[in-house]
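Following: one structure in C-alpha coordinates, then a few remarks.
Numbering (my numbering), first residue to last: 3 to 255.
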(Lines of atoms letter the chains of each structure in order from A; the text may use other names.)
(Lines give C-alpha, C1' and ligand atoms only; values in the text may rest on other atoms or scores of the structure.)
Protein backbone atom coordinates (compact mmCIF):
# COMPACT_ATOMS: atom_id res chain seq x y z
CA UNK A 3 0.00 0.00 0.00
CA UNK A 4 2.09 2.93 -1.26
CA UNK A 5 0.14 5.61 0.62
CA UNK A 6 0.64 3.91 4.00
CA UNK A 7 4.32 3.34 3.18
CA UNK A 8 4.78 7.06 2.44
CA UNK A 9 3.16 7.96 5.76
CA UNK A 10 5.49 5.63 7.65
CA UNK A 11 8.53 7.02 5.83
CA UNK A 12 7.44 10.60 6.55
CA UNK A 13 6.93 9.81 10.23
CA UNK A 14 10.35 8.17 10.41
CA UNK A 15 12.05 11.18 8.82
CA UNK A 16 10.18 13.59 11.10
CA UNK A 17 11.47 11.72 14.17
CA UNK A 18 15.12 12.37 13.24
CA UNK A 19 16.56 15.55 14.73
CA UNK A 20 18.38 17.71 12.15
CA UNK A 21 22.11 18.31 12.65
CA UNK A 22 23.01 21.24 14.85
CA UNK A 23 24.45 23.99 12.63
CA UNK A 24 27.29 26.30 13.58
CA UNK A 25 26.72 28.80 10.76
CA UNK A 26 25.48 32.28 11.66
CA UNK A 27 24.00 34.43 8.90
CA UNK A 28 25.08 38.02 8.25
CA UNK A 29 21.70 39.67 7.79
CA UNK A 30 20.77 43.26 8.68
CA UNK A 31 18.43 43.45 11.68
CA UNK A 32 15.79 45.05 9.46
CA UNK A 33 15.52 41.81 7.47
CA UNK A 34 15.15 39.54 10.50
CA UNK A 35 11.63 40.73 11.20
CA UNK A 36 10.59 40.09 7.59
CA UNK A 37 11.40 36.37 7.62
CA UNK A 38 9.77 33.59 9.63
CA UNK A 39 11.79 31.27 11.87
CA UNK A 40 11.37 28.49 9.29
CA UNK A 41 12.67 30.76 6.52
CA UNK A 42 15.64 31.82 8.65
CA UNK A 43 16.36 28.16 9.32
CA UNK A 44 16.78 27.61 5.57
CA UNK A 45 19.29 30.46 5.35
CA UNK A 46 21.26 28.97 8.24
CA UNK A 47 21.33 25.44 6.82
CA UNK A 48 22.23 26.72 3.34
CA UNK A 49 25.14 28.64 4.83
CA UNK A 50 26.20 25.55 6.76
CA UNK A 51 26.22 23.43 3.58
CA UNK A 52 28.01 26.06 1.52
CA UNK A 53 30.81 26.35 4.06
CA UNK A 54 32.35 23.00 3.07
CA UNK A 55 33.35 21.04 -0.01
CA UNK A 56 32.31 17.64 -1.28
CA UNK A 57 34.90 14.84 -1.05
CA UNK A 58 36.87 13.84 -4.12
CA UNK A 59 38.80 15.55 -6.89
CA UNK A 60 37.42 15.92 -10.38
CA UNK A 61 38.51 16.76 -13.92
CA UNK A 62 36.20 18.14 -16.58
CA UNK A 63 35.42 15.67 -19.34
CA UNK A 64 35.47 16.27 -23.07
CA UNK A 65 31.88 17.47 -22.74
CA UNK A 66 31.44 20.31 -20.24
CA UNK A 67 28.56 18.56 -18.47
CA UNK A 68 30.75 15.55 -17.60
CA UNK A 69 33.41 15.12 -14.91
CA UNK A 70 35.77 12.29 -13.99
CA UNK A 71 36.91 11.28 -10.51
CA UNK A 72 40.71 11.45 -10.20
CA UNK A 73 43.34 11.18 -7.49
CA UNK A 74 43.77 14.18 -5.21
CA UNK A 75 46.61 16.39 -6.37
CA UNK A 76 45.97 15.69 -10.05
CA UNK A 77 46.91 18.72 -12.14
CA UNK A 78 43.83 20.75 -13.01
CA UNK A 79 41.50 18.82 -10.70
CA UNK A 80 38.85 20.71 -8.73
CA UNK A 81 36.70 20.14 -5.68
CA UNK A 82 33.04 21.09 -5.67
CA UNK A 83 31.43 23.16 -2.97
CA UNK A 84 28.47 21.51 -1.27
CA UNK A 85 25.06 22.68 -2.46
CA UNK A 86 21.79 22.94 -0.58
CA UNK A 87 18.41 21.62 -1.70
CA UNK A 88 15.31 23.53 -0.59
CA UNK A 89 12.30 21.27 -1.05
CA UNK A 90 9.57 23.15 0.83
CA UNK A 91 6.06 22.88 -0.55
CA UNK A 92 3.84 25.59 -1.98
CA UNK A 93 3.05 28.39 0.46
CA UNK A 94 6.24 28.21 2.53
CA UNK A 95 7.71 31.31 0.92
CA UNK A 96 10.56 29.81 -1.09
CA UNK A 97 11.03 33.10 -2.95
CA UNK A 98 11.78 34.94 0.29
CA UNK A 99 14.12 32.14 1.33
CA UNK A 100 16.01 32.51 -1.95
CA UNK A 101 16.18 36.26 -1.43
CA UNK A 102 17.41 35.74 2.13
CA UNK A 103 20.23 33.41 1.06
CA UNK A 104 21.35 35.91 -1.59
CA UNK A 105 21.15 38.83 0.87
CA UNK A 106 23.20 36.88 3.42
CA UNK A 107 25.96 36.36 0.87
CA UNK A 108 25.85 39.93 -0.40
CA UNK A 109 26.33 41.15 3.16
CA UNK A 110 29.59 39.17 3.16
CA UNK A 111 30.90 40.78 -0.03
CA UNK A 112 29.67 38.23 -2.56
CA UNK A 113 27.74 40.85 -4.47
CA UNK A 114 26.91 38.98 -7.69
CA UNK A 115 24.30 36.23 -7.92
CA UNK A 116 22.35 34.36 -10.59
CA UNK A 117 18.68 33.38 -10.25
CA UNK A 118 17.33 30.80 -12.72
CA UNK A 119 13.62 30.21 -13.16
CA UNK A 120 11.18 28.66 -15.65
CA UNK A 121 10.33 31.71 -17.72
CA UNK A 122 10.83 35.47 -18.05
CA UNK A 123 7.37 36.21 -16.65
CA UNK A 124 8.60 35.12 -13.21
CA UNK A 125 11.03 38.04 -13.08
CA UNK A 126 8.39 40.16 -11.36
CA UNK A 127 7.82 37.42 -8.77
CA UNK A 128 11.55 37.45 -8.01
CA UNK A 129 11.52 41.24 -7.66
CA UNK A 130 8.48 41.02 -5.37
CA UNK A 131 10.25 38.57 -3.05
CA UNK A 132 13.47 40.63 -3.11
CA UNK A 133 11.47 43.78 -2.32
CA UNK A 134 9.74 41.94 0.53
CA UNK A 135 13.02 41.71 2.46
CA UNK A 136 14.02 45.29 1.76
CA UNK A 137 15.82 45.00 -1.57
CA UNK A 138 15.27 47.23 -4.59
CA UNK A 139 13.62 45.88 -7.72
CA UNK A 140 16.41 47.42 -9.79
CA UNK A 141 18.88 45.03 -8.12
CA UNK A 142 17.53 42.24 -10.35
CA UNK A 143 18.27 42.46 -14.08
CA UNK A 144 17.24 39.92 -16.75
CA UNK A 145 19.99 38.40 -18.88
CA UNK A 146 17.87 39.31 -21.89
CA UNK A 147 18.86 42.94 -21.27
CA UNK A 148 22.12 42.09 -23.05
CA UNK A 149 22.48 40.68 -26.54
CA UNK A 150 24.20 37.33 -26.79
CA UNK A 151 27.34 38.90 -28.29
CA UNK A 152 27.67 41.52 -25.56
CA UNK A 153 29.39 41.34 -22.19
CA UNK A 154 27.15 41.68 -19.14
CA UNK A 155 27.75 45.13 -17.67
CA UNK A 156 26.71 44.81 -14.06
CA UNK A 157 29.10 45.54 -11.20
CA UNK A 158 26.83 44.02 -8.59
CA UNK A 159 23.34 42.61 -8.40
CA UNK A 160 21.23 39.61 -9.32
CA UNK A 161 21.14 38.31 -12.88
CA UNK A 162 17.74 36.74 -13.58
CA UNK A 163 17.58 34.23 -16.38
CA UNK A 164 15.82 31.08 -17.56
CA UNK A 165 16.79 27.51 -18.36
CA UNK A 166 15.79 28.03 -21.98
CA UNK A 167 18.22 30.96 -22.17
CA UNK A 168 21.01 28.95 -20.53
CA UNK A 169 20.89 26.28 -23.22
CA UNK A 170 21.27 28.73 -26.12
CA UNK A 171 24.46 27.66 -27.93
CA UNK A 172 27.22 29.77 -29.47
CA UNK A 173 26.38 31.21 -32.88
CA UNK A 174 29.23 32.22 -35.14
CA UNK A 175 31.40 34.68 -33.23
CA UNK A 176 28.78 35.02 -30.49
CA UNK A 177 29.51 33.01 -27.34
CA UNK A 178 26.85 30.83 -25.74
CA UNK A 179 24.64 32.31 -23.05
CA UNK A 180 26.40 29.98 -20.58
CA UNK A 181 29.78 31.47 -21.60
CA UNK A 182 28.30 34.94 -21.16
CA UNK A 183 27.36 34.13 -17.54
CA UNK A 184 30.74 32.54 -16.73
CA UNK A 185 32.59 35.52 -18.21
CA UNK A 186 30.60 37.87 -15.98
CA UNK A 187 31.04 35.83 -12.81
CA UNK A 188 34.65 34.74 -13.33
CA UNK A 189 36.07 31.22 -12.96
CA UNK A 190 36.78 31.72 -9.23
CA UNK A 191 33.20 32.80 -8.45
CA UNK A 192 32.06 31.80 -4.96
CA UNK A 193 28.69 33.55 -4.77
CA UNK A 194 25.16 32.19 -5.09
CA UNK A 195 23.59 30.48 -8.09
CA UNK A 196 19.92 29.65 -7.55
CA UNK A 197 18.21 26.96 -9.61
CA UNK A 198 14.58 27.78 -8.85
CA UNK A 199 12.16 25.10 -10.08
CA UNK A 200 15.26 22.92 -10.37
CA UNK A 201 13.25 19.97 -11.67
CA UNK A 202 13.32 21.79 -15.03
CA UNK A 203 16.81 20.25 -15.36
CA UNK A 204 15.54 16.70 -14.78
CA UNK A 205 17.00 14.00 -17.01
CA UNK A 206 20.33 15.82 -17.11
CA UNK A 207 22.20 12.52 -17.47
CA UNK A 208 19.67 10.61 -19.55
CA UNK A 209 19.18 6.88 -19.21
CA UNK A 210 15.72 6.98 -17.67
CA UNK A 211 13.12 4.68 -19.19
CA UNK A 212 10.45 6.26 -21.35
CA UNK A 213 7.59 4.78 -23.34
CA UNK A 214 9.89 4.60 -26.38
CA UNK A 215 13.00 3.32 -24.65
CA UNK A 216 15.89 5.08 -22.80
CA UNK A 217 15.59 8.85 -22.61
CA UNK A 218 18.29 11.11 -23.99
CA UNK A 219 19.85 13.70 -21.70
CA UNK A 220 18.00 17.04 -21.84
CA UNK A 221 19.77 20.07 -23.28
CA UNK A 222 18.97 22.36 -20.35
CA UNK A 223 19.91 19.67 -17.85
CA UNK A 224 23.32 19.31 -19.48
CA UNK A 225 23.70 23.10 -19.60
CA UNK A 226 22.94 23.31 -15.86
CA UNK A 227 25.59 20.69 -15.12
CA UNK A 228 28.10 22.44 -17.38
CA UNK A 229 27.60 25.73 -15.53
CA UNK A 230 28.16 24.05 -12.17
CA UNK A 231 31.24 22.19 -13.44
CA UNK A 232 32.82 25.40 -14.70
CA UNK A 233 32.14 27.22 -11.41
CA UNK A 234 33.05 24.61 -8.76
CA UNK A 235 33.25 27.20 -5.98
CA UNK A 236 29.75 28.57 -6.52
CA UNK A 237 27.21 28.32 -3.72
CA UNK A 238 24.44 26.35 -5.40
CA UNK A 239 20.88 26.52 -4.11
CA UNK A 240 18.46 24.04 -5.69
CA UNK A 241 14.79 24.90 -5.12
CA UNK A 242 11.86 22.65 -5.98
CA UNK A 243 8.79 21.25 -4.28
CA UNK A 244 8.99 18.34 -6.76
CA UNK A 245 12.73 17.78 -7.04
CA UNK A 246 12.56 14.42 -8.84
CA UNK A 247 10.13 11.66 -9.67
CA UNK A 248 12.91 9.07 -10.03
CA UNK A 249 16.49 9.02 -8.66
CA UNK A 250 18.18 9.54 -12.04
CA UNK A 251 16.29 12.82 -12.40
CA UNK A 252 18.42 14.24 -9.60
CA UNK A 253 21.54 14.07 -11.77
CA UNK A 254 21.42 17.87 -12.14
CA UNK A 255 22.50 18.08 -8.49
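We treat Cβ as the ideally placed atom computed from N, Cα and C, and that holds for glycine.
Count the other CB atoms within 10 Å of the CB of residue i; is the residue buried (16 or more) or exposed (fewer)?
| i | result |
| --- | --- |
| residue 77 | exposed |
| residue 167 | buried |
| residue 175 | exposed |
| residue 54 | exposed |
| residue 18 | exposed |
| residue 137 | buried |
| residue 26 | exposed |
| residue 44 | buried |
Which value, in whole angstroms, describes the spacing of the CA atoms of residue i and residue j?
| i | j | result |
| --- | --- | --- |
| residue 310 | residue 35 | Because the chain here runs from 3 to 255, residue 310 falls outside it and cannot be looked at. |
| residue 246 | residue 123 | 24 Å |
| residue 237 | residue 186 | 16 Å |
| residue 63 | residue 152 | 28 Å |
| residue 3 | residue 128 | Its pLDDT being 48, under 50, residue 3 is placed unreliably by the model, and nothing is read from it. |
| residue 249 | residue 126 | 32 Å |
| residue 192 | residue 56 | 15 Å |
| residue 156 | residue 243 | 31 Å |
Do residue j and residue i have their beta-carbon atoms positioned less than 8 Å apart in this structure?
| i | j | result |
| --- | --- | --- |
| residue 233 | residue 184 | yes |
| residue 239 | residue 80 | no |
| residue 203 | residue 165 | yes |
| residue 50 | residue 20 | no |
| residue 219 | residue 208 | yes |
| residue 119 | residue 198 | yes |
| residue 116 | residue 231 | no |
| residue 200 | residue 253 | no |
| residue 16 | residue 228 | no |
Quick check on residue i - is its C-beta less than 8 Å from some C-beta in chain B?
| i | result |
| --- | --- |
| residue 232 | Protein chains in the displayed structure number just one, and chain B is not present. |
Pop quiz: residue i and residue j are said to be a contact at Cβ under 8 Å. What is the actual Cβ separation, rounded to whole angstroms?
| i | j | result |
| --- | --- | --- |
| residue 194 | residue 88 | Between residue 88 and residue 194 the Cβ distance is about 12 Å, and since that is not below 8 Å, they are no contact. |
| residue 173 | residue 150 | 7 Å |
| residue 90 | residue 29 | Not quite, the Cβ-Cβ distance comes to about 19 Å (not below 8 Å), so this is no contact. |
Indicate, with yes or no, if the ligand PLP has a heavy atom lying under 7 Å from the CB of residue i.
| i | result |
| --- | --- |
| residue 86 | The ligand PLP is absent from the structure shown, which contains no ligands of any kind. |
Inter-stretch contact at 8 Å, needing at least 3 Cβ pairs: the stretch 93 to 107 / the stretch 17 to 36: yes
Touch test, the stretch 111 to 130 against the stretch 76 to 91, Cβ-Cβ under 8 Å, three pairs minimum: no
Touch test, the stretch 154 to 170 against the stretch 127 to 143, Cβ-Cβ under 8 Å, three pairs minimum: yes
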